[in-house]
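Q:
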Amino acid sequence: MEYVRLKYANNKLISTDIKEHREVIDEYVGKKGMEYVGFLPVLFGANGKVMEIDLIFKKKTEEK
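Each residue of the sequence shown is one higher than the one before, starting from 1 at the first, in this note's numbering.
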């Protein structure tokens, strides 16, 4: 398994539109040949907003 941490800005006035995860997933799946497994929120702000996540990848296994 491999984990990639993404951190998001905490702007109290506006919601955050996040797109960084797409670039990371494209890189790991397309270029590194890994499978995307999912994500896990790892840090929350005081108001409950997700501040950091770990994207989870694993090496592709050969199908029999």
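All C-beta atoms, glycine included, are put in the ideal place defined by N, C-alpha and C.
For lysine 58, which three-state DSSP category applies?
A: Strand, per DSSP.
Q: Run the CB neighbour count on phenylalanine 57, radius 10 Å, all protein chains shown included, and call it buried at 16 or more, exposed below.
A: So phenylalanine 57 counts as buried.
Q: Flag this pair as yes or no: are the beta carbons of phenylalanine 39 and isoleucine 18 separated by less than 8 Å?
A: No. Outside cutoff.
Q: Roughly how many angstroms lie between the CA atoms of valine 34 and threonine 61, to the nearest whole one?
A: In the sequence on display, residue 34 carries methionine and not valine. Going from the Cα of methionine 34 to the Cα of threonine 61 covers about 9 Å.
Q: Among Leu43, Lys31 and Tyr36, which has the Cα closest to the Cα of alanine 9?
A: Nearest option by C-alpha distance: Leu43.
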